[in-house]
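Position 320 (the sequence shown) corresponds to 319 in numbering that gives the first Met the number 0; numbering is contiguous.
Note sheet for the following structure.
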Amino acid sequence: MNRFIGSMTAGLVAVTLRAEPAAEHLIWFDAPAAHFTQSCPLGNGRLGAMVFGGVEEERIVLNEGSLWSGSPQDADRPDAAAVLPEIRRLLLAGKNVEAEALVSANFTCAGRGSGFGNGARVPYGCYQVLGNLHLTFLPAGGAAGPVRHYRRELDLSEAVARVSFERDGVHYAREAFVSAPDQATVLRLTADQAGSLSLDVRLDRPERFETVAVGADGLQMTGQLDNGVDGKGMKYAACLRVLPSGGKVAAAGGALQVRGASEVVLLVTAATDIRSFAGRRSDDPLAMASNDLARAAAKPGAELRRAHVADYRSFFDRVGLRLGRADPAAATRPTPARLQALQSGAPDPGLMALYFNFGRYLLISASRPGGLPANLQGIWAEEIQTPWNADWHLNINVQMNYWPAEPGNLSDLAQPLFAFIASLQQPGAVTARKYYGARGWVAHVITNPWGFTAPGEGADWGATTTGSAWLCEHLWDHYLFTGDRAFLAWAYPILKGSAQFYADMLIEEPTHRWLVTAPSNSPENAFVLPDGRRAHLCLGATMDLQLLRYLFGACIEASRLLGTDEAFRQELAEKRARLAPTRIAADGRVMEWQEEYREDDPHHRHVSHLWGLYPGWEISPETTPALAAAARKTLDARGDGGPGWGLAHKLALWARLGDGDRAYQILCAQLRPAGEVGRITTTGGGTYPNLFDAHPPFQIDGNFGATAGIAEMLLQSRVDESQISNLKSEIFLLPALPAAWPEGAVTGLRARGGYEVDLAWQDGRLAEAAIRSTGGTAVTVRLGGSAVDLSLHAGERVRLDPALRRLGNGVD
Ligand code: FUC
0 MNRFIGSMTA GLVAVTLRAE PAAEHLIWFD APAAHFTQSC PLGNGRLGAM
50 VFGGVEEERI VLNEGSLWSG SPQDADRPDA AAVLPEIRRL LLAGKNVEAE
100 ALVSANFTCA GRGSGFGNGA RVPYGCYQVL GNLHLTFLPA GGAAGPVRHY
150 RRELDLSEAV ARVSFERDGV HYAREAFVSA PDQATVLRLT ADQAGSLSLD
200 VRLDRPERFE TVAVGADGLQ MTGQLDNGVD GKGMKYAACL RVLPSGGKVA
250 AAGGALQVRG ASEVVLLVTA ATDIRSFAGR RSDDPLAMAS NDLARAAAKP
300 GAELRRAHVA DYRSFFDRVG LRLGRADPAA ATRPTPARLQ ALQSGAPDPG
350 LMALYFNFGR YLLISASRPG GLPANLQGIW AEEIQTPWNA DWHLNINVQM
400 NYWPAEPGNL SDLAQPLFAF IASLQQPGAV TARKYYGARG WVAHVITNPW
450 GFTAPGEGAD WGATTTGSAW LCEHLWDHYL FTGDRAFLAW AYPILKGSAQ
500 FYADMLIEEP THRWLVTAPS NSPENAFVLP DGRRAHLCLG ATMDLQLLRY
550 LFGACIEASR LLGTDEAFRQ ELAEKRARLA PTRIAADGRV MEWQEEYRED
600 DPHHRHVSHL WGLYPGWEIS PETTPALAAA ARKTLDARGD GGPGWGLAHK
650 LALWARLGDG DRAYQILCAQ LRPAGEVGRI TTTGGGTYPN LFDAHPPFQI
700 DGNFGATAGI AEMLLQSRVD ESQISNLKSE IFLLPALPAA WPEGAVTGLR
750 ARGGYEVDLA WQDGRLAEAA IRSTGGTAVT VRLGGSAVDL SLHAGERVRL
800 DPALRRLGNG VD
């Protein structure tokens, strides 16, 4: 990864990066965690572990990514379509409140929906903690002197957590990782004096579990979750084995007792019998977890570690980021103190690089092919009832989780999202028919592993219909980044089914005869009608139409590229041309609705009508300067606050507007130490001590969104509509570099069209760029006002100087 940075530092352009190499890769603490937002999260995409690092009592929260209560249900109202004409008639007559009341009564989901975000015991279900591994240590020789030199760290360069301290002259160390190759959580305990490790080992969870000892050195925890109907939901199993060196181990009362060991390796495996996806599952989770355990236990610990680090680095090392001119003292502070210091005004670009690296780390740890997509908490949760069920929200949240995947060179880790989107087609087709009498498939605002595609249970938020259109953006964008035709052929039926749904559900509005979605809302936002009443339900929220322009455009181009569906392409082209355009209101802002309604909350957290600026591309300072100026006004009026994900979206939006300093300001707000851990607030934002994003509560989308936003500050890429057939793209180098990052280097970012880009800059200006084709052939590279056209063959790498002139022969 750092070859490029290395060559820079070797003298070519003498970029000096003062931060210690490891500082961008180390989150560390000088105390054990009091809450999981201080713990060190580990994961292999499916198994998760959060290391608290207590001295006497180590608690490791265990997770399994498919562990969901609930069960498949028919949440579609059979007679919903019958009321659709009346809902539309009322909306066309300006009777939004009455239309909303009708949606409430007849057009929400059947049953109890998500339980208003508390779905643990209804069929919707929720993602839950697998359990807790407790290690209770007995001090060597019975003494318990003061603890010295305590340190706990998460090393992002190897995906390993470590705890170390000294007590009564003995140096204790713990190391933990979650291996993808071996599907096991591995914990190694050492002490530098023989026989000093004595501990009790327990495995439990807050409910629905039974733990039994297996032989003298094993534990098995099994249980069945609530399906919301008769209590007989998903079955799960977790297996543990203790492998001590020296000393003795014995089972007593469902726990293990290790006495006088010099070193202990603990292995934990887990499985569920989730039936709704084709990933790693088993009808007999206990057998699966036991087999995994036996396989891992047969390998030497060093071999488990080697395989884990090699696997992890094959993802993590694809990108490197250094942000220079840090205060050298910054990196010597524990991470929570670094967050505090930044807030008191001490610049710390290295902390921002660390935060960026942590975002990539989290995606590698929470999303692996064959698994479910990263949920609202990735895979990390300590509760039975997780906030908002830790599900997949489709009105920004799950999409934001995958914003860093393509630019951050982790394209292959988006596979769980793609597979999940595919799985929504079948239930979504039933919903499309029952509610709208439409072809194709639709998903609304919330979904779970059980195929929930109906509207949510609240008309004010649950009626957004374009969740599925937004999901499809990821399919097309994957093609734009990779040029992978086989993928496009796989994804096309999904795009087509989605486009068919919207093509059928659009109606004509009477004023301009534009096509609009109906019913619609602008995610979760309310407006005030001329008579002073508040409503959410509307015709054609701006975001919907931006999404549909994108989706129809993608579908048209995909069908052309694949040489199929000419008639449908024609239908879409006609309808696309008639979609209501994005407009500017009298106050100079982008209109959020078709009418110039007053917002009920002018600082509302969603800025959905700027979807077309980011992640979409229909608004940009170069191609639509008036709309870009209106977007700027919109953002100014909405303010710089919000929950974590809201800040992350604003960060990316300012980056697209080319305002690096404003993006930087938002990033500083994102890194504000977050206090509250329990309560849900919609305006808090910030970052917990372990760098988890705070909504509050912990919600991982802000981590991923801000990671993508940082990438967007350094590199942007676009494929113009007219250039899609030959995938000719534009790449913007350092489009939003803030004054606070005068020097730095980044390697391995990906660009649309099929490119990998390395950049180094100093004194706030590009020093050198390298563009490698991963398949792309024609690209315009832009830097400020200059541009150069390159034509490359696959694998070719071109180095450019600050004037965008080619350097060398491109071979290195
Ligand atoms: C969306 C947001 C909320 C929250 C929830 C999980 O509905 O509006 O703020 O993030 O998802």
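Virtual Cβ for every residue (Gly too), placed ideally from N, Cα, C.
Can you find a heavy atom of the ligand FUC that lies under 7 Å from the Cβ of residue i?
{"i": "R604", "result": "yes"}
{"i": "Q698", "result": "yes"}
{"i": "W644", "result": "yes"}
{"i": "T464", "result": "no"}
{"i": "L375", "result": "yes"}
{"i": "W469", "result": "no"}
{"i": "E523", "result": "yes"}
{"i": "H392", "result": "yes"}
{"i": "N131", "result": "no"}
{"i": "N702", "result": "no"}
{"i": "W449", "result": "no"}
{"i": "T746", "result": "no"}
{"i": "N520", "result": "no"}
{"i": "H443", "result": "no"}
{"i": "T473", "result": "The amino acid at residue 473 is misidentified as Thr; the sequence shows His. No, since every heavy atom of the ligand FUC falls outside the 7 Å radius drawn around the Cβ of H473."}
{"i": "T681", "result": "yes"}
{"i": "N400", "result": "no"}
Could you check the C-alpha separation between residue i and residue j for me, to the nearest Å?
{"i": "A380", "j": "L474", "result": "28 Å"}
{"i": "Q219", "j": "A179", "result": "21 Å"}
{"i": "A330", "j": "P348", "result": "10 Å"}
{"i": "E23", "j": "S619", "result": "32 Å"}
{"i": "A212", "j": "S366", "result": "32 Å"}
{"i": "A517", "j": "L538", "result": "5 Å"}
{"i": "P642", "j": "H694", "result": "5 Å"}
{"i": "K94", "j": "T510", "result": "16 Å"}
{"i": "S785", "j": "L758", "result": "16 Å"}
{"i": "L782", "j": "M351", "result": "23 Å"}
{"i": "D600", "j": "T681", "result": "12 Å"}
{"i": "Y754", "j": "L547", "result": "27 Å"}
{"i": "L726", "j": "F315", "result": "27 Å"}
{"i": "P696", "j": "F703", "result": "16 Å"}
{"i": "P327", "j": "R577", "result": "57 Å"}
{"i": "D191", "j": "A143", "result": "17 Å"}
{"i": "V121", "j": "G112", "result": "8 Å"}
{"i": "S68", "j": "W449", "result": "10 Å"}
{"i": "R796", "j": "S772", "result": "6 Å"}
{"i": "R671", "j": "A373", "result": "24 Å"}
With burial defined as no fewer than 16 other Cβ atoms inside 10 Å of the residue's Cβ, what is the status of residue i: buried or exposed?
{"i": "S724", "result": "exposed"}
{"i": "P20", "result": "Any reading at P20 needs caution, since the residue's pLDDT is 39, under 50, leaving its predicted position unreliable; the model's value is listed next. When all chains shown are included, P20 counts as exposed."}
{"i": "L561", "result": "exposed"}
{"i": "H792", "result": "exposed"}
{"i": "A92", "result": "exposed"}
{"i": "E523", "result": "buried"}
{"i": "A79", "result": "buried"}
{"i": "V228", "result": "exposed"}
{"i": "K649", "result": "buried"}
{"i": "A502", "result": "buried"}
{"i": "H148", "result": "exposed"}
{"i": "S721", "result": "exposed"}
{"i": "Q499", "result": "buried"}
Would you say residue i lies against chain B (beta-carbon separation less than 8 Å)?
{"i": "S244", "result": "Although the question refers to chain B, the structure presented lacks it and comprises just one protein chain."}
Segment contact flag, the region 405-419 with the region 475-482, C-beta cutoff 8 Å, min 3 pairs: yes
Whole alpha helix (DSSP H) elements within the region 674-731, 4-residue minimum: 700-713
Would you be able to state if there are at least three C-beta pairs under 8 Å between the region 193-207 and the region 126-139? yes
Which whole runs of the beta strand (DSSP E) in the region 252-285 are 3 residues long or more, in chain order? 254-260 and 262-271
Any alpha helix (DSSP H) of 4 or more consecutive residues that is wholly inside the region 431-470: 458-461
As an exercise, report each continuous beta strand (DSSP E) stretch of at least 3 residues that is fully enclosed by the region 139-183, in chain order. 146-154, 159-166 and 169-178
Can you confirm whether the region 244-256 touches the region 168-179 when touching is taken to mean that 3 or more C-beta pairs between the two stretches lie within less than 8 Å? no
Residue ranges of each alpha helix (DSSP H) run of no fewer than 4 residues wholly in the region 297-379, ordered along the chain? 300-315, 334-342 and 348-365
Every unbroken alpha helix (DSSP H) inside the region 728-797 [4 residues or more]: none
Does the region 378-394 touch the region 124-132, meaning 3 or more C-beta pairs lie closer than 8 Å? yes
For the structure I just gave you, are there three or more beta carbon pairs, one from the region 307-321 and one from the region 265-283, closer than 8 Å? no
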